[in-house]
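Residue numbers (the working numbering), protein chains in the order written: chain A, 1 to 274; chain B, 275 to 617; chain C, 618 to 889.
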Amino acid sequence: MNSANNSFIYEARDLDYHYPGGIVALKQICFNIKEGELVALVGANGCGKSTLLKLLDGLLFPSSGELLAFGAKLSEKVLETGNLAAEFRRRVGLVFQDPDVQLFSPTVWDEVTFGPLQLGISRDEIVSRANESLELLNITELKERPPYLLSGGEKKKVSLACVLSMRPQVLLLDEPTTGLDPWSQGNLIDFLLQWAGKDKALVFSTQDLDVVEEVATRIIVMGAGHDIVADGRPDHFLSDSDFLLRHNLVHEHSHRHKELVHRHPHLHEHRHEH
Amino acid sequence: MHIPDGYLSPATCGTMYVVTAPFWVIAVKRVRKILNHRTVPALALLAAFTFILMMFNVPLPGGTTGHAVGGTMVAIVLGPWAAVLSVSVVLAIQAILFGDGGLTTLGANCFNMAVVLPMVGYYIYKVISGNSEIDSKRRLVGAAVGSYFGLLAGALLTGLELGIQPLLFHAADGTPLYAPYALNIAIPVMAIGHLAIAGPVEAIVTGLVFLYLQRSHSTLLSRQAVQRSEGKLWLIWSGALVLLAFATPLGLLAAGTAWAEWGAEELQELLGYIPRGLQSMSDIWHAPLPDYTIPGTGDVAGYIISAVIGIIAVGFLLWLLGRWISRKGSVKQGSSTSGVSKA
Amino acid sequence: MREGDFLTRNIAGFTLALEHIVLTEDLSHAAGLLQGLDARVKVLTLPLFIVIVGLARDFPVLIAVFIMALALALLSKVPAAVFLKRLLIFIPIFTAVIAIPALFITPGDPLVTASGRTVITVQGARSAGLLVMRVVDSLSLGLLLIFTTPWNKLLAALRWFHLPSIVIDILGMTYRYIFLLLHTANSMFLSRQSRTVGRFTGAENRRWLGRAVATVMVKSQYLSEEVYLAMLSRGYQGEIYTLSSLALRRRDFIWIAFALAAAAFMIWSIYQ
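This is the structure we're talking about:
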């Protein structure tokens with residue numbers, strides 16, 4: 001996986017994925033992701049965002065088509081064991097949507113050190129990285145806690161910390177702001193913006209268009225057909241309310257003014273004129 | 275069925291740990307081979323689920339309630355060795371974390387509930403189900419009946435372990451030092467309680483879960499069809515041996531000693547003289563457990579203990595033989611790169 | 618069985634378990650005597666006393682162990698009320714039920730007679746007493762261990778004693794998810810309780826229970842698959858490595874000395 005060969009981190013060519021039972025999850029997915037990009041993956045529930053993120057993390061493999069990461073094709077064999085696999089795991093980190101899945105160790109400290117321990121680095125280095133990640137997210141006092149004694153927001157932070165302690169180059173996040181209160185959400189957004197850099201890449205799935213606006217340099221919209229319906233700059237699409245409605249990215253609500261019924265999509269930009 | 279600390283003597287506890295240990299070792303190896311890297315998360319969540327299952331208070335018709343163990347259900351879904359491991363994990367956590375079941379008696383509890391229960395239950399399930407369809411009623415009956423008898427087998431063994439305590443371990447004046455009830459009370463009590471209450475609970479819970487799986491997740495049940503036939507052979511042996519151990523007291527009921535197992539004294543009585551050759555030979559080997567009794571214990575207890583020890587010894591030897599045979603076989607088929615096999 | 622009873626009993630059971638787990642977490646981080654000792658030392662010495670309890674043949678040793686356990690509990694900031702309550706909840710009632718008939722049916726010398734007939738024998742009374750004391754002692758020692766040692770430290774100690782690491786890994790992860798599934802199951806019961814007006818038949822309860830069990834099973838299945846992926850994602854290749862942070866200090870050696878001395882004395886007095 002030699003990134004000197006080309007500057008693409010990911011190249012997806014006609015990716016299809018279906019579950020063992022036959023249900024289609026992804027259809028003809030094509031895109032490239034470069035270093036420095038902050039990509040928002042947007043779409044209604046069930047359109048395949050989580051599945052795509054798992055493919056990008058080499059946890060699932062395409063049923064047809066191919067996915068290249070750092071110039072090399074991702075396959076089950078390549079990622080089975082060995083140095084290449086370990087290197088990939090270090091470079092790419094996925095923060096799962098469900099923190100109960102991400103936090104499988106007895107304590108927070110065990111969790112945050114789990115990844116670095118797999119890297120074969122020195123004990124001191126592991127400890128310092130773990131402490132660093134905890135401090136970054138202001139959760140140092142949670143060190144000895146078992147995951148079941150954490151609040152939802154704390155769990156989300158620990159989920160992020162245990163991935164960051166591996167110092168990934170690519171950060172994949174599955175619905176990172178869902179369930180967070182506005183204050184924590186703002187903090188997370190600030191954090192992500194700070195973390196990003198010209199040799200890193202960020203891909204996150206979300207339903208929240210505000211977050212897209214604040215963070216993303218690029219938006220990929222997935223449709224009900226499990227395919228990509230749009231791929232480009234966020235401002236191109238976020239002002240097109242028809243487009244948003246069509247792909248279930250916003251809902252329409254209506255209210256009455258005496259006999260008049262106003263229907264409009266729920267967008268925060270909208271000015272209401274009577 | 276969890277035996278707390280204090281009910282079994284240290285000697286019994288030690289023995290049961292020794293008896294159970296080989297099963298643990300084999301279980302780890304077998305499960306690892308099938309599940310590989312998935313072993314830890316799969317077994318952990320399975321054990322966690324089994325823990326919850328054991329906590330449910332199940333209402334029976336008639337007003338009584340009971341708790342299930344679920345070992346047979348686990349064996350049906352992931353195989354008997356996964357059941358051995360996961361139920362053992364649950365029992366360990368119950369003992370350490372909740373004090374439910376003792377630490378010294380963990381070996382015995384694991385043997386009863388994590389080894390015998392799931393294996394007997396699984397064996398009976400397989401026998402009754404035969405080759406019937408995954409969603410057939412016959413399989414459902416097999417699961418329920420299997421779990422019932424699996425639990426019963428475990429219960430009877432528990433009664434056995436408890437019942438021999440007063441016979442083997444008492445003070446000079448006859449005070450029982452540990453579990454105070456002899457076999458003539460322990461076994462019937464355990465039997466009745468489990469025949470009437472715990473058994474039906476187990477069957478109901480296993481049946482309900484099995485039914486649900488048949489309807490919604492039948493792939494989980496058909497996985498077992500891929501099991502190697504070697505597994506079946508082991509089950510047949512285990513099933514037969516366990517049954518034998520229980521049947522041995524019946525031998526005592528039969529008047530007189532088994533034909534051709536006469537010792538020198540009996541022969542003399544029968545024949546009026548001792549064949550000279552036999553007389554010289556009989557002194558060479560003084561069996562460690564003469565007449566199948568353990569000095570200082572009653573007939574029945576000694577008989578059964580001898581039977582159990584004998585069965586375990588024979589079983590272990592058979593297992594070794596089986597391993598030796600299969601290793602020879604794989605060497606013939608193996609290619610030059612296979613080399614050392616991974617545990 | 619009345620509907621109310623079915624739900625109440627189950628909720629009570631699950632809630633008790635959840636509370637117990639939280640309690641052990643809290644107590645094991647308190648600044649008490651045993652909490653300050655290395656986990657390995659406790660794993661070795663406390664069960665040692667359970668074995669001694671098993672070897673004992675008469676009451677003096679058993680009573681001494683109980684007093685010692687109670688004292689250690691108090692010194693380890695475990696409130697007496699909490700300690701005794703846990704003792705009472707977990708086994709002794711069951712054991713008393715087992716032990717009481719032994720008073721009457723054990724053959725031997727008369728202790729209590731009524732109208733000339735032996736009602737309770739000496740052997741029966743001793744047997745019942747020994748059993749109860751053994752159970753109480755063993756449970757006390759077990760509670761001491763879990764009340765003063767966090768689960769992950771306990772596992773680290775077992776790992777040090779060379780218990781197979783795959784077993785340790787499974788024990789750690791099982792513990793972590795038991796709380797979650799307990800909570801899931803309990804929530805189901807609670808929500809059913811809040812929506813119940815009137816009664817259900819036993820059969821309806823059983824059917825609902827079947828669905829509840831299946832729900833927990835499905836959740837554990839989902840977690841099992843996803844957790845595996847989460848582990849892979851961070852480089853899992855079959856081994857979970859840990860930072861060992863166990864270190865013996867002077868207080869550990871003092872404790873070992875004390876424990877061995879007490880144990881030796883008890884053993885001597887048993888086999889005198």
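Every residue gets a Cβ at the ideal spot worked out from N, C-alpha and C, and that includes glycine.
Simplified DSSP assignment, three categories, for residue i
{"i": "A/D174", "result": "strand"}
{"i": "A/Y17", "result": "strand"}
{"i": "B/H444", "result": "strand"}
{"i": "B/D374", "result": "coil"}
{"i": "C/A648", "result": "coil"}
{"i": "A/A72", "result": "strand"}
{"i": "A/V78", "result": "coil"}
{"i": "B/P278", "result": "coil"}
{"i": "A/L94", "result": "strand"}
{"i": "C/N627", "result": "helix"}
{"i": "A/D240", "result": "coil"}
{"i": "A/V250", "result": "coil"}
{"i": "B/D409", "result": "coil"}
{"i": "C/S744", "result": "helix"}
{"i": "B/H491", "result": "coil"}
{"i": "C/Y888", "result": "coil"}
{"i": "C/I706", "result": "helix"}
{"i": "C/K675", "result": "Note that residue 675 of chain C corresponds to Asp in the displayed sequence, not to Lys. Looking at C/D675 - three-state DSSP - the assignment turns out to be coil, as it is neither helix nor strand."}
{"i": "A/A196", "result": "coil"}
{"i": "C/T791", "result": "helix"}
Closest Cα partner of residue i within the set the options
{"i": "A/G71", "options": "A/E37, A/S205 and A/F88", "result": "A/F88"}
{"i": "B/P440", "options": "B/I478, B/L451 and B/G433", "result": "B/L451"}
{"i": "B/G448", "options": "C/P781, C/Q740 and C/A774", "result": "C/Q740"}
{"i": "C/A846", "options": "A/D100, A/D16, A/A44 and A/C47", "result": "In the sequence as displayed, the identity of residue 846 of chain C is Leu instead of Ala. It is A/D100."}
{"i": "A/S7", "options": "A/W195, A/T178, A/Y17 and A/I33", "result": "A/I33"}
{"i": "A/L238", "options": "A/L74, A/K27 and A/V212", "result": "A/V212"}
{"i": "C/I783", "options": "B/G337, B/A301, B/L436 and B/I277", "result": "B/A301"}
{"i": "A/K155", "options": "A/V112, A/R246 and A/S75", "result": "A/V112"}
{"i": "B/L380", "options": "C/W768, C/I871, C/I667 and C/L826", "result": "C/I667"}
{"i": "A/P146", "options": "C/L633, C/Y888, C/S645 and C/L756", "result": "C/S645"}
{"i": "C/I722", "options": "C/I715, C/I737 and C/T730", "result": "C/I737"}
{"i": "C/P724", "options": "B/P454, B/H468, B/G481 and B/V305", "result": "B/P454"}
{"i": "A/L245", "options": "A/H226, A/D16, A/S151 and A/V221", "result": "A/V221"}
{"i": "A/L119", "options": "A/G82, A/L38 and A/Y148", "result": "A/G82"}
{"i": "B/A369", "options": "C/S732, C/L762 and C/A829", "result": "C/L762"}
{"i": "C/I717", "options": "C/R743, C/L756 and C/I669", "result": "C/R743"}
{"i": "A/P116", "options": "C/D869, C/M848, C/A876 and C/R868", "result": "C/M848"}
{"i": "A/G289", "options": "A/D240, A/N248, A/S128 and A/Y10", "result": "For residue 289 of chain A there is no data in the structure shown, the boundaries of chain A being 1 and 274."}
{"i": "A/V229", "options": "A/G21, A/I23 and A/I29", "result": "A/I29"}
Counterpart residues of residue i in DSSP-defined beta bridges
{"i": "C/P727", "result": "C/T738"}
{"i": "A/R218", "result": "A/V39"}
{"i": "A/V24", "result": "A/H18"}
{"i": "A/F204", "result": "A/A40 and A/L173"}
{"i": "A/P168", "result": "BP columns for A/P168 are empty, so no partner."}
{"i": "A/N66", "result": "Rather than Asn, the amino acid found at residue 66 of chain A in this sequence is Glu. Bridge partners of A/E66: A/R13."}
{"i": "A/I228", "result": "A/M222"}
{"i": "A/I280", "result": "Chain A is shown only over 1 to 274; residue 280 of chain A falls outside these bounds and no answer can be derived."}
{"i": "B/P333", "result": "B/T339"}
{"i": "B/V483", "result": "According to DSSP, B/V483 bridges with nothing at all."}
{"i": "B/P450", "result": "B/H444"}
Supposed close pair residue i, residue j - CB separation, criterion 8 Å
{"i": "C/T641", "j": "B/A318", "result": "Incorrect: roughly 19 Å between the Cβ atoms, too far for contact."}
{"i": "B/A388", "j": "B/G345", "result": "7 Å"}
{"i": "B/S492", "j": "B/I408", "result": "5 Å"}
{"i": "A/G43", "j": "A/G223", "result": "7 Å"}
{"i": "A/K198", "j": "A/V170", "result": "Their Cβ separation, rounded to whole angstroms, is 13 Å, which puts A/K198 and A/V170 out of contact at 8 Å."}
{"i": "B/V358", "j": "B/V479", "result": "Not quite, the Cβ-Cβ distance comes to about 19 Å (not below 8 Å), so this is no contact."}
{"i": "A/L55", "j": "A/L67", "result": "6 Å"}
Chain D contact for residue i (CB, 7 Å cutoff)
{"i": "A/Q118", "result": "Among the protein chains in the structure shown, which are A, B and C, there is no chain D."}
Any 3 or more C-beta pairs closer than 8 Å across the stretch 99-118 of chain A and the stretch 129-138 of chain A: yes
Contact the stretch 68-85 of chain A vs the stretch 174-191 of chain A: 3+ CB pairs below 8 Å: no
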